[in-house]
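Here the structure is laid out as structure tokens; the discussion comes afterwards.
Residue numbers (the working numbering): 755 to 1024.
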């Protein structure tokens, strides 16, 4: 749909190239009436085929989003127009998602959640963070920590504030490519790790010791429809999960303060 406008422009230009060819036709008037009737027929056919059915399903989306730090949970959707299935969780007058959800799962179209509504807090197993290394060498702080899921998850996304300058940064031993030795973060999302076989995410970085670093972790599992703590109604036959986004998912958001983690490490291991 984003290419619809430019497609119309190219169609007009293409038609302009064919004008010299059509100019030699002797039955131009007859052809114009034929194509006019064909166009009307196609519009009528499109009108009667515009409704949703089991063959032409309406895509919609729903996720459960839990903010551990704020102790809040929300139902959220990417849909701009809600149907009766999504309204069953978001209600008739949901709030703008941007007012309550800071980090949204990215989609193919770089769009965020459209609407959100309060949801009950569920006792979802949270990931653990183990501090493996925290030392200062030549006025630079070197830290290594591991994010360990405690439930079946499909994806872990790690975020940091834009503008941070890491001297080095790696995930599970793979160095993050940078244009120079001092890697400036241009996007909040550092890595999107697709988890397999209960894998963990090991993060190692080196940064100036004066710079405070706080990460945000988004943990996704694609089991909202089957999770025992939820009873989600099945979609109607004329509906389907919206493609190219994360939907039917349970999302856990939690911040990691490395300084606080260091204190916990010295007291009781997290």
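Every residue, glycine too, gets a C-beta built ideally from N, C-alpha and C.
C-beta contact flag for residue i and residue j at 9 Å
{"i": "residue 947", "j": "residue 983", "result": "no"}
{"i": "residue 871", "j": "residue 848", "result": "yes"}
{"i": "residue 852", "j": "residue 832", "result": "no"}
{"i": "residue 837", "j": "residue 993", "result": "yes"}
{"i": "residue 945", "j": "residue 920", "result": "no"}
{"i": "residue 969", "j": "residue 1000", "result": "no"}
{"i": "residue 830", "j": "residue 855", "result": "yes"}
{"i": "residue 785", "j": "residue 776", "result": "yes"}
{"i": "residue 818", "j": "residue 918", "result": "no"}
{"i": "residue 1002", "j": "residue 816", "result": "yes"}
{"i": "residue 912", "j": "residue 971", "result": "yes"}
{"i": "residue 949", "j": "residue 1012", "result": "no"}
{"i": "residue 963", "j": "residue 875", "result": "no"}
{"i": "residue 991", "j": "residue 807", "result": "yes"}
N-terminal and C-terminal residue of the alpha helix (DSSP H) that residue i is part of
{"i": "residue 948", "result": "Segment 943 to 948 is the beta strand (DSSP E) holding residue 948; no alpha helix (DSSP H) there."}
{"i": "residue 841", "result": "838 to 844"}
{"i": "residue 774", "result": "758 to 776"}
Contact set for residue i: own chain, Cβ-Cβ below 6 Å, skip 5 residues either direction
{"i": "residue 887", "result": "898"}
{"i": "residue 745", "result": "The displayed coordinates of the chain run from 755 to 1024. Any statement about residue 745 would go beyond what the structure contains."}
{"i": "residue 915", "result": "none"}
Burial state of residue i (16 or more Cβ within 10 Å)
{"i": "residue 973", "result": "buried"}
{"i": "residue 756", "result": "exposed"}
{"i": "residue 1007", "result": "buried"}
{"i": "residue 951", "result": "exposed"}
{"i": "residue 828", "result": "buried"}
{"i": "residue 814", "result": "buried"}
{"i": "residue 800", "result": "exposed"}
{"i": "residue 810", "result": "exposed"}
{"i": "residue 763", "result": "exposed"}
{"i": "residue 934", "result": "Residue placement at residue 934 cannot be trusted, given a pLDDT of 49 that sits under 50; the coordinates are not used to answer."}
{"i": "residue 869", "result": "buried"}
{"i": "residue 965", "result": "exposed"}
Residue i - containing beta strand (DSSP E), residue span
{"i": "residue 790", "result": "Run containing residue 790: none in the beta strand (DSSP E); it sits in the alpha helix (DSSP H), 782 to 802."}
{"i": "residue 989", "result": "That residue, residue 989, is in no beta strand (DSSP E); it is neither H nor E in DSSP."}
{"i": "residue 809", "result": "First-last for residue 809: undefined, no H or E at that position."}
{"i": "residue 869", "result": "869 to 872"}
{"i": "residue 700", "result": "Outside the shown range of the chain (755 to 1024) lies residue 700, about which nothing can therefore be said."}
{"i": "residue 856", "result": "Note, residue 856: premise wrong, no beta strand (DSSP E); not H, not E."}
For residue i: DSSP bridge partner residues
{"i": "residue 958", "result": "898, 924"}
{"i": "residue 814", "result": "995"}
{"i": "residue 972", "result": "911, 1007"}
{"i": "residue 875", "result": "Looking at the DSSP assignment, residue 875 forms no beta bridge with any residue, so it has no partner."}
{"i": "residue 821", "result": "826, 1007"}
{"i": "residue 929", "result": "924"}
{"i": "residue 831", "result": "869"}
{"i": "residue 979", "result": "Bridge partners of residue 979: none, in fact."}
{"i": "residue 850", "result": "869"}
Cβ-based neighbour list, residue i, same chain, cut-off 8 Å, excluding 5 preceding and 5 following
{"i": "residue 878", "result": "820, 905, 983, 1004, 1006"}
{"i": "residue 900", "result": "883, 884, 886, 954, 955, 956, 957"}
{"i": "residue 761", "result": "none"}
{"i": "residue 778", "result": "none"}
Minimum Cβ-Cβ distance from residue i to chain C less than 9 Å
{"i": "residue 1010", "result": "Structure shown: chain C not included; a single protein chain is present."}
7 Å CB neighbourhood of residue i in its chain, flanking five on each side removed
{"i": "residue 822", "result": "880, 1006, 1007, 1008"}
{"i": "residue 896", "result": "887, 889, 960"}
{"i": "residue 825", "result": "875"}
{"i": "residue 985", "result": "none"}
{"i": "residue 976", "result": "908, 1002, 1003"}
{"i": "residue 981", "result": "1004"}
{"i": "residue 989", "result": "839"}
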